[in-house]
Structures are given as C-alpha cells and as structure tokens.
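All residue numbers for the sequence shown refer to this note's numbering, where the first residue is 8 and numbers rise by one.
Where is the CB? At the ideal position from N, CA and C, for every residue including glycine.
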Amino acid sequence: MTAEAIVPERAAEGAAPVPRQQVLVLYLATSALDSHVVGWSLYDGTGHASPTTGDSDEPPYESGVAALRAGWRLIQAAQLLTPFPGHEYDVSFLKHEFFFERIVDVRAE
Numbered sequence: 008m009t010a011e012a013i014v015p016e017r018a019a020e021g022a023a024p025v026p027r028q029q030v031l032v033l034y035l036a037t038s039a040l041d042s043h044v045v046g047w048s049l050y051d052g053t054g055h056a057s058p059t060t061g062d063s064d065e066p067p068y069e070s071g072v073a074a075l076r077a078g079w080r081l082i083q084a085a086q087l088l089t090p091f092p093g094h095e096y097d098v099s100f101l102k103h104e105f106f107f108e109r110i111v112d113v114r115a116e
C-alpha cells in the first residue's frame, strides 16, 4: 500500500489528518483465525489503489493473525453455522469470512 497508517505523532505535525478506511476481507480454511487464507478481497477508500478480487495469485497475508500483526483491526468474525443434516459436504459460499479494517492518512506528502 502507498498510504501510511495514522499515528499520533503525524497528527501533531500541523496538517489535519484526512482519514480513509481500507477494508480487507479474508476467507479462511476454517473458523480459526490462524488458519490459512483461501480467498480475499481488498477495498481501498484512499483512492491510491483499486485492487480487484483475484488480481493476485498470492494472498496479502498467510492468515488472519498475520493481518492483525500487520496492523489490521478485526471488525467481524465468521458466524459458525451448523450444517443442515445431510448437507455437510455441499459446496456453497466460503463461510469462514473475516472483515478487517485499517484507517490510513491520505494527507499530501
């Protein structure tokens, strides 16, 4: 990413911060936050990038925990749903969906 995360020291430099949200959606192999990423989407409210789903062969992070360590904040975890009897192996949507956000400062440098 080309934008930096907002830190208190930058806000004191004189120019008012211009916060924008970035949203990262990670689909994990299981409901555990440390399981590996099987799908992802990134939405950039800064306007500096316009990534799309499937624009890379490599996920941005190996796991949800790796995203947390990189400064992303978890805002929604996957709801655990019990499969309907007889449908345990049906193929459907990716159910282990985690939403992360990061606030970045888009002030001109």
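- R27 carries a strand assignment under DSSP once its states are collapsed to helix, strand and coil.
- In the DSSP assignment, R76 falls within the unbroken alpha helix (DSSP H) covering 71-76.
- In the three-state scheme derived from DSSP, where H, G and I count as helix and E and B as strand, E95 is classed as coil.
- One Cα belongs to S48, the other to E108, and the distance between them is close to 12 Å.
- When the Cα atoms are used, L88 and Y50 turn out to be separated by approximately 26 Å.
- By the neighbour-count criterion, in which a residue is buried when 16 or more other Cβ atoms sit within 10 angstroms of its Cβ, F91 is exposed.
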